[in-house]
Amino acid sequence: MRLETGGRLIDRTRPLRFRFDDRWMTGLAGDTLASALIGQGRILMGRSFKYHRPRGPVAAGLEEPNALVTLGTGARAEPNVRATQTELFQGLRADSQNRWPSLAFDLMAANDLVSRFLPAGFYYKTFIRPRAAWKHLFEPAIRRAAGLGPAPKAADPDRYDQVYAFCDVLVAGGGVAGLAAALAAARTGARVMLFEQAPHWGGRAPVDGGTVAGGDPAGWVAAAVAELAAMPDVTLRTRATVAAVHDHGYVLVEERLTDHLGGGPGPRRRLWRIRAGRVVNACGAFERPLAFPGNDRPGVMLASALRDYVVNWAVAPGPAAVVVTNNDDAYRTALALRRAGISVPVIADARPAADGPLPQAARAAGIRVATGTGIAGTVGRGRVVAVQLCDAGGGGHVTETIPCDAVAMSGGWSPAVHLWSQPGGRLRWDEAGAMFVPDPDHPPTGAAGEPIVTCAGAAAGALRLPDCIASGARAGDPAAAAPPAEAEAEAPLLPVWVMPSGAGPRKRAKMWLDFQNDVKVSDVELAAREGYRSVEHTKRYTTLGMATDQGKLSNVNGLAVLAQALDEAIPRVGTTTFRPPFVPVTIGALAGEARGAVFQPLRRTPLHDWHAAHGAVWEPVGLWRRPYCYPRANESRADAVAREVLNTRRALGLLDASTLGKIVVKGPDAGRFLDMIYTGAMSSLPVGRCRYGLLCNEQGFLIDDGVVARLAEDTWLCHTTSGGADRIHVWMEDWLQTEWWNWRVFTLNLTEQLAQIAVVGPHARKALEALGGMDVSKAALPFMHWAEGTLAGIPARVFRISFSGELSYEVAVPADRGVELWERLVAAGGPLGVMPYGTEALHVMRAEKGFIMIGDETDGTVIPQDLGLGWAISARKPDYLGKRGQMRPALADPDRWRLVGLMTLDGSVIPEGAYAVGAGRNANGQTATEGRVTSTYFSPTLNRGIALGLIRRGPERMGEVLTFAAEGRRVQARIVSPVFHDPEGKAQDV
Amino acid sequence: MSRYSVFAIVREGLRHHTGWPRAWASPEPRARYDAIVVGAGGHGLATAYYLGRNHGITDVAVLEKGWLGGGNTGRNTTIIRSNYLQDPSAAIYEKSRALYETLSQELNYNVMFSPRGVMMLAQTEHEVRGYRRTAAANALQGVETEFIGPRRVKELCPIMNIDGPRYPVLGALWQPRGGTGRHDAVAWGYARACSQMGMHIIENCAVTGITVEGGQVRGVDTTRGPIGCDRLGLVVAGHSSQLADMAGFRLPIESLCLQALVSEPIKPCMDVVVMANTVHGYMSQSDKGEMVIGGGTDGFNNYTQRGSHHHIEETLRALVETFPMLSRLKMLRQWGGIVDMTGDRSPLISKTPVGGIFVNCGWGTGGFKAIPGSGWAMAELMAKGEPGPLAAEFSMFRFREGRFIDESVAAGVAH
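Chains as they are written, first to last, in our numbering: chain A, 1 to 990; chain B, 991 to 1405.
Shown next as C-alpha cells:
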C-alpha cells in the first residue's frame, strides 16, 4: 500500500504505468519496481529455486535474492533482474520467473510438499539407477525445475561501451563514508573517482537519521556532492557499481546508462576499467536476516529494507508490522513505521533487556517491547498474516499469535568486505558486533607491498553514523578532520543464529538461510553431520551462498550455524572466498563493442576490393581474407580451381601474395642472428640472391618456412607464411630481447607496407616485359635471384621464386601502388590468357610439386628431416634453434613417419585426415597405424587424386600399397615420389 | 556406512535426516602406511580407490593440505570427452570416459555423468582439416566421434550463431558420449568409497618434507607429524613442482592460472558442451542453469588462484560472437585454478628419480575428464612399480628422449 505522506525519493505528481506479468499498474517516478509493486499491494514477486516457494522482497537493494524478474520483452528481455534496483519508467514491462503456469499458482511448488525428502544433496544419493535414467529422465526434470529466468533467444540489439581511466583514489560507495573519503582525498589535490551503485547519493544516512554538521544528513550529502562536483579532478558517477578490484588496483565498474530510461540512444552500459592508485571500499554493510521458522514468507523482510520502503518510497505491505531483532538498530524501523502511521504491535527482542535510547524511544512512542522473545513461526498463505511469539531461548512453544502484514527482522550487520577480500585482504571476527571486519593488519597489497584497499564506514565495521563518517574522512586523508556527527547510542547486539535457540528438527527445517536456493538451518546441520565440514564443502553440498546474491544475506548466518553444529568458533570455520564480481555484471558490457564484424580486426590486402569486384570466394587465413578462387557464372568451386590451375600451368596466372610475411632483418649481427633462427646458412647468401629457409623451435620441430633474400650487406628480407608473419616477428624479437639482447639486429615487419603479386606461368616473363621497365630476362634475373627497378613506372622489387613449379616472378611494390600494378598486369596479360587464381589453386600446384605447406605437412610434431628437407639444414653451422632438440633419440629414430607422395589405385581423392592402417592392435587395443595423409587434392594437371603423407620409413617403401581409413571407408594407395609434376624442375628455371 | 538410495532418503526423511553417517571418516594419521597419496583431489582419491579396488592395497593414506576436492577438481568446467588425436591420449581419456559411464553405480554416489555430447567447433579451414583428421584417428582408436557440418551443429545447439561475420562455424568434431559430470561429487564419491575400504583421508594435513634414504622414499613430514611409507604418489597438480623439490628432483611442469566463470542461472537452453578453440572459449549449461564458461590461462606463471579480467574479457567477446544471446546474461562469479602444464600439454604418470616416488600431474587445463582413467593408471604404476600400457607413454623422461605426445594439433588451447 502507498502511504498518504512521505517518500523522499518519489514524485507524487508523476505517475508511471508499468506492467507486471499480465497486469498494468501505476507507480510513481522515483519508485523501484519493487516499491511500486508493494505500493500496489503486491508482495509476491518470485519463486524460490528448489521448492518453488512464494517469495517477496526481503531487501531493498542489490543484495535482494527473491524479487527477480525478467525485464523487457523480445530481444531486450533480461532475466534475473532485481526488482529492488530497477528504477521505474513509463511502460516498463516485467515478468515473474521460475513458475508455471503463473506466479500465484505454481505447479512446481509440489516440490515444497515433499521437501522433507529433498534435503541438501539428496540428488547425490539417488537417481543412480537405472543408469540411463539420469541423462534421459532425472537430469532433464531437474534442469527444467532449476534455472531462474528464461534464456534470451535473440541477439542483444544494445551496445556496450568500454573506457579506460586512472586515478589516485577510487572510492566505491557514495554514502556518507564514501563522500567523506572522496572529499578528504580530493581536498589534498588527488585525482578522485567516486562511484555509487544507486541513482542517488547518501546511502543509508538520510533514512537512518542522526545529524551531520549539525543538520540533517541529507543536507550534508547535498553539500558534499556539490563541492565534489565543482572540483576539476573529481569524477562522480551514480548508477555505477564497482564490480571488482583485481591485483595491482585494477578496478572494474559497471555503469548503467539507459536502463532507468527504458532504453535510449547510445550505449546501454559502460564498463570502466580503471587503474587506481588506491581504493576506498565504502560499500556499506548488509543487514542479516534472522533464522526463525517461516522467515521466508512474503512480507518478512529486513528491518532496514522495510525502513527504506517506508521512508524512501512511502510504501508498506500493510498497516501493521512486527519487528524482531537482536539489536538496537531495528528500533529505528519501528520508530520510522510509527512516524509513517503504521502500527507496530510488538518489537520481539531476543535480548534479555533493551534499555538503550532507541528502545526507550520506542517505548515512549507507545510500542510494546517484548524482550527475551523470538518468533516460533509465521502464518499465512502466499504472504504473512500473523507471527507466533515464543521464548527466544526455548523450544518454540507459542506464547502469543499477533496479526500483522509485515515482519521486519534484524540479526545484525555484515560489512560489505568484498572489494577488500577480492584482491586478498584478510578478515577478522569482531566479537562485539558478531561480524567479520577487514583486518587492517592484512590488507590487499600492490606490487611494492603497499596496501591498495582501505575500508571505510560500515564496510569497515563502523556502523554508527559518527564513526562511519569519521572513518570515511580518515580513509580519504589520514589528516582530515571529520564533520561532526551525532546519532543515538546503541547497546550491544546479542548474536542469534537460530531462533528459537532450542528449536527441534521440524522447526529447523523451516528456518531459511539462503532464500533463493532454499537452504535451511537443517541443511547446514545435515552437511556437518555427514562430514562436509569445511565451509567450502558445506557451501557446495547445500548450495548455501551460491545464489545470485552470492551469499550476501546468507553466508554469515550459514557459517555460524555450521560453527554451532561443529562446536567450533565462527572464525575457525572461516568464510568462503569472495570472488569477483561484487554484483553480477552484464556479459555484454564485459565483451564491449568488439562484436560482429569488429569482433576481431579484418585484414584486407591492397587488392581486396578488386578481388571482391571480380567474384572472389573468400577464405579466412588468420585475420586476413584471401580469395579461395574466382568462380565464374554457373561454375562450381572445384571447376574454378581446376581452371585456375590449368591456366596457370599453360598460360598465365596472377596471385595476390600480399599476405605473405615480409620481415626485414638488419644490422651488423643480422647474418649471425639469421644463422641461428634458420636451419640453413643465411650469412653466406650473396646480395641479390634468394634462399629457401626453415625455422624450428627449440624442440627441433618445424614452425615456419619461406624464402629469404639478401637485400644488402647488412640487410635481409625474410618471407614467412601468411599466418606466420606476426608470430615469427615476435619469435625473432623474443630471442633478440631475452637471449641475444646485445646483438646489433633490428627487425621490422613490412607485411602491410608492400603489395606482392605473383606472376606465374609460361607467359610470366612476357607479361612483365609488356609492362616495360626493368630487365627480367633469364640472364639478368636468374632463378632464385631478385632485382630492384621499375615496372610500368612503379618502383618494384622482383623475386624469381616459385611455389608452383612454373616460371614465376613475385613482384613487391608499395602497398598504394598494388592495384595499379595488378590492373596493368591484367591488361597486359589479356592477350596472354591471364587469369587470377586463389589460395586453393596455389595449394594444388604446390602439392603437385611436392612442396610442403606449414600447417598441412607440419603440425608441431614434424622435423625438417621428416619432410626430406635435410638439404635445407646447414651441416657446417655449429648451432641453430632446434639443432640440439633434433639430436634426441626419438627425433633421430629411423622409424619416424616421413614424407612421400600417395596415389590411390583407383585415381580417387583420399579423404582428408586419413590414417594408414597398420597391422594388428597396440597394447591399448587401438588399431595400429603407420602413417597419415597430410594434403590431399584432385590434381587437374594429372587428372586424378594425389596426396602427400607421412609414412613410417616412407621413402624406403616406394611402390608399396597401403590402406587408408577415414569417414568410414578404406582406400588403397601406392607410395610414390612426392613430386608429381615436372620432377626435373624444368618449367620454373627458364 | 549406509547405502544411498531413494529408500534410504525416505527412511531418513521420516526422521528428519538425523541418521545419515559421515560420508568419509576423519581419522588421526597413523605412523605409517603401505602407500601414501599426496593430494585429495579427484586424481589422488581415484588413485587410492583403484589401489584398493584393483590391487587390494588398502593400507593407504590420502593427505590433503586443505579440504578435499578443493583444487582444480572443484574449479574446473566439468567437461568429459576423449576425442584426442594421439594414441596414448585417446587410450587413457577413453578409458576414463568409459569409467565415468558407470561411476555413479560403482561408487553408489551420483556423480551426475551426463553424456549430452561435446562438440569442438571448426571455425577455420585449418580446424576443419584438423578435426577430420581427429575423427579418422578416433575411429581407429575406438573413440566414437564424427565430423559434422554446420547445419547439424545448429540443430544440436540452437542458440549458436553459425553465420557470424568473423568466424562462421564450418563444422564440428562431435563426440555424442562426451558430456559433463558434477565435479565435487566425483571427489566426494571416491572419498566415501576409499573411506569405506578403510583408507585414511586426512584433510588439513600439508606435506612439508619428503624423507629419502639411499635413493628410496621412507616417508613424509606433515603439519600433523611424520608419516612413513615405501610408496608415495604425488598427485597435486599445480603444486607438483614444489613437492618434487622436497624430494630433490625437478619436473617439466609450469604452473599457470586458468580462468573460468559462470553466469546467473537461466532455464535450460543448451544441451551440449561446446568448445571453440579459434576464439578460445568453451561453454556448457550446468544442471542449476548457469552457463559455465572456461577461458584461457594468464600469460605468466603464478600460484594465485584468482580470477583476473583480461582473459575473461577476451573469452566473453569470443563467446558473445558465437552465442549472441549471452550478451544480456550476467557474470555471477569468476575464479582461477592453478594448472600444471608440461611442454607437450600431455600428463605425466611416471616413475621419478627417487625409488618409490611416483608422480601423476601435468593434466594442465583438462584434468577433470581424466580422473578415473588417471587414477586407474596411477594405481597400477604404484602397485606394480612399473607403468601399465595406459601410463607407459606418459613418462616424465619422454622430454629427454623427444617422445612428445603433442595434442596441440587437435586440442588447440582449450581442453
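We put the beta carbon where it would ideally sit given N, CA and C, even for glycine.
Give the residues from the stretch 842-860 of chain A that approach chain B closer than 8 angstroms (Cβ to any Cβ), ordered along the chain.
-> Residues passing the 8 angstroms Cβ filter: Gly855, Asp856, Asp859, Gly860.
With DSSP collapsed to three states, give me the class of B/Val1403.
-> Position 413 of the second sequence, counted from the first residue, corresponds to residue 1403 of chain B. With a pLDDT of only 36 at B/Val1403, under 50, the local geometry of the prediction cannot be trusted, and the value read off the model is given with reservation. Coil, per DSSP.
Spatial neighbours of A/Gly959 in its chain, beta-carbon cut-off 7 angstroms, leaving aside the 5 residues before and after | For this step, residue 959 of chain A is matched to residue 959 along the first sequence. The answer, listed in chain order, is Arg974, Ile975.
Which residues in chain A sit within 9 angstroms of B/Gly1060, going by Cβ to Cβ distance?
-> Here the question's residue 1060 of chain B lines up with position 70 in the second sequence. Chain A residues near B/Gly1060: Ser534, Glu536, His537.
Would you please verify whether the beta carbon of B/Ser1245 is less than 8 angstroms from any beta carbon of chain A?
-> Locating residue 1245 of chain B in the second sequence gives position 255, counting from the first residue. B/Ser1245 has a beta carbon lying at 8 angstroms or more from every beta carbon in chain A.
Whose C-alpha, out of B/Leu1319, B/Glu1304, B/His1045, B/Gln1113, is nearest the C-alpha of A/Leu71?
-> The residue given as residue 71 of chain A occupies position 71 in the first sequence. The option with the nearest alpha carbon to A/Leu71 is B/Leu1319.
Put A/Ile873 into one of helix, strand or coil per three-state DSSP.
-> The residue given as residue 873 of chain A occupies position 873 in the first sequence. In the structure shown, A/Ile873 adopts coil according to DSSP, grouped into three states.
Short CB-CB distance (under 8 angstroms) between A/Gly174 and chain B = The residue given as residue 174 of chain A occupies position 174 in the first sequence. No, A/Gly174 lies away from the interface with chain B (no Cβ there is under 8 angstroms from its Cβ).
is_contact[B/Met1189, chain A] using C-beta, thresh 8 angstroms = Numbered from 1 along the second sequence, position 199 holds the residue referred to as residue 1189 of chain B. No - not a single Cβ of chain A is within 8 angstroms of the one on B/Met1189.
What's the call for A/Gly121, buried or exposed, on a 16-neighbour Cβ count within 10 Å?
-> Counting from 1 along the first sequence, the entry for residue 121 of chain A is found at position 121. Its Cβ being crowded by 16 or more others within 10 Å, A/Gly121 is buried.
Name, in chain order, the residues that DSSP records as bridge partners for A/Val169.
-> For this step, residue 169 of chain A is matched to residue 169 along the first sequence. A/Val169 is bridged to A/Val192, A/Arg278.
Start and end of the alpha helix (DSSP H) containing A/Trp624?
-> In the first sequence, the residue the question calls residue 624 of chain A occupies position 624. No alpha helix (DSSP H) holds A/Trp624; the beta strand (DSSP E) holding it covers 624-629.
Straight-line Cα distance separating B/Arg1172 from B/Val1101 | Looking up residue 1101 of chain B in the second sequence gives position 111. Looking up residue 1172 of chain B in the second sequence gives position 182. Looking at the backbone, the Cα of B/Val1101 and that of B/Arg1172 are separated by about 5 angstroms.
Cβ of B/Thr1008 within 8 angstroms of any chain A Cβ | Position 18 of the second sequence, counting from 1, holds the residue named residue 1008 of chain B. It does: the Cβ of B/Thr1008 has a partner Cβ on chain A nearer than 8 angstroms.
Sufficient close CB pairs (3 or more, under 8 angstroms) joining the stretch 333-341 of chain A to the stretch 466-486 of chain A | The stretch 333-341 of chain A is not in contact with the stretch 466-486 of chain A.
Please confirm whether A/Ala29 and A/Arg14 have their CB atoms less than 8 angstroms apart.
-> Within the first sequence, residue 29 of chain A is the residue found at index 29, counting from 1. Within the first sequence, residue 14 of chain A is the residue found at index 14, counting from 1. Contact: yes.
Residue range of the beta strand (DSSP E) that A/Asp704 falls in?
-> Residue mapping note: residue 704 of chain A aligns to position 704 of the first sequence, counting from 1. Here the beta strand (DSSP E) through A/Asp704 covers 702-712.
Are any of the Cβ atoms in chain A nearer than 8 angstroms to that of B/Arg1040?
-> As a first step, residue 1040 of chain B must be located in the second sequence, where it is residue number 50. Correcting the residue type first, residue 1040 of chain B is Tyr in the shown sequence and not Arg. Cβ-Cβ to chain A under 8 angstroms: no for B/Tyr1040.
Three-state class that DSSP yields for A/Trp220 in the structure shown | Indexing the first sequence from 1 puts residue 220 of chain A at position 220. DSSP places A/Trp220 in helix when its eight states are reduced to three.
Boundaries of the alpha helix (DSSP H) in which B/Met1236 is found, first to last residue = Within the second sequence, residue 1236 of chain B is the residue found at index 246, counting from 1. Under the DSSP assignment, B/Met1236 falls in the alpha helix (DSSP H) whose first and last residues are 1230-1237.
Scan the stretch 570-585 of chain A for residues whose Cβ lies nearer than 7 angstroms to a Cβ of chain B and list them as they occur along the chain.
-> Cβ contacts with chain B come from Arg579, Pro580, Pro581, Pro584, Val585.
Out of B/Ala1196, B/Gly1029, B/Ala1021, B/Pro1314, which has the shortest C-alpha to C-alpha gap to A/Lys153?
-> Sequence index remark: in the first sequence, residue 153 of chain A carries index 153 (1-based). When only C-alpha atoms are compared, the closest one is B/Pro1314.
Unbroken alpha helix (DSSP H) run spanning B/Cys1247, endpoints | Numbered from 1 along the second sequence, position 257 holds the residue referred to as residue 1247 of chain B. Counting along the chain, B/Cys1247 falls outside any alpha helix (DSSP H), though it belongs to the beta strand (DSSP E) covering 1244-1253.
Quickly, what does DSSP pair A/Arg428 with across the bridge? List them, please.
-> Taking the first residue of the first sequence as 1, we reach residue 428 of chain A at position 428. Secondary-structure assignment with DSSP links A/Arg428 through a beta bridge to A/Val437.
In three-state terms, what does DSSP make of A/Arg797?
-> Start at 1 with the first residue of the first sequence, and residue 797 of chain A comes out as number 797. A/Arg797 sits in a strand when the DSSP states are folded into three classes.
Considering A/Asn924, what are the terminal residues of the beta strand (DSSP E) in which it resides?
-> By one-based count along the first sequence, residue 924 of chain A stands at place 924. Bounds of any beta strand (DSSP E) do not take in A/Asn924, whose DSSP letter is neither H nor E.
C-alpha gap between B/His1405 and B/Val1108, whole angstroms | On the second sequence, residue 1405 of chain B is found 415 positions in, with the first residue counted as 1. On the second sequence, residue 1108 of chain B is found 118 positions in, with the first residue counted as 1. Note that B/His1405 scores a pLDDT of 35, beneath 50, so its modelled location is shaky; the value from the coordinates is reported in the next line. Taking the straight line joining both Cα atoms gives about 11 angstroms.
Where A/Val207 and A/Phe49 are concerned, what is the direct C-alpha to C-alpha distance, given to the nearest angstrom?
-> Working through the first sequence from its first residue, we reach residue 207 of chain A at position 207. Working through the first sequence from its first residue, we reach residue 49 of chain A at position 49. Roughly 32 angstroms between the two C-alpha positions.
Do you know offhand how far B/Ala1400's Cα is from A/Gly918's?
-> In the second sequence, residue 1400 of chain B corresponds to position 410, counting from 1. In the first sequence, residue 918 of chain A corresponds to position 918, counting from 1. Since pLDDT at B/Ala1400 reaches only 48, below the 50 mark, its modelled position is unreliable, and the value read off the structure follows with that caveat. If I take the Cα positions, the gap works out to 22 angstroms.
May I ask you to verify whether the stretch 88-95 of chain A touches the stretch 106-119 of chain A, counting CB pairs closer than 8 angstroms and requiring at least 3?
-> Contact between the stretch 88-95 of chain A and the stretch 106-119 of chain A is absent: fewer than three C-beta pairs spanning the two stretches fall below 8 angstroms.
Proximal residues to A/Trp201 (C-beta, below 6 angstroms), its chain only, five neighbours per side dropped | Here the question's residue 201 of chain A lines up with position 201 in the first sequence. For A/Trp201, the CB contacts under 6 angstroms within the same chain, skipping 5 residues up- and downstream, are Gly174, Val221, Val225 in chain order.
What's the C-alpha gap between B/Val1403 and A/Asp467?
-> What you label residue 1403 of chain B is simply residue 413 of the second sequence in a count that begins at 1. What you label residue 467 of chain A is simply residue 467 of the first sequence in a count that begins at 1. Summary for B/Val1403: the model assigns pLDDT 36, below 50, so the residue's position carries little reliability, and this model does not support an answer.
For B/Met1321, which three-state DSSP category applies?
-> Here residue 1321 of chain B is taken as the residue at index 331 of the second sequence, counted from 1. In this structure, B/Met1321 counts as strand in the three-state DSSP scheme.
What does A/His246 reach in chain B if we use C-beta pairs closer than 7 angstroms?
-> Residue numbering aside, residue 246 of chain A sits at position 246 when the first sequence is read from its first letter. The answer, in chain order, is Ser1298, His1299.
What beta strand (DSSP E) runs, 3 residues minimum, are completely inside the stretch 828-915 of chain A?
-> The qualifying runs are 834-836, 897-904.
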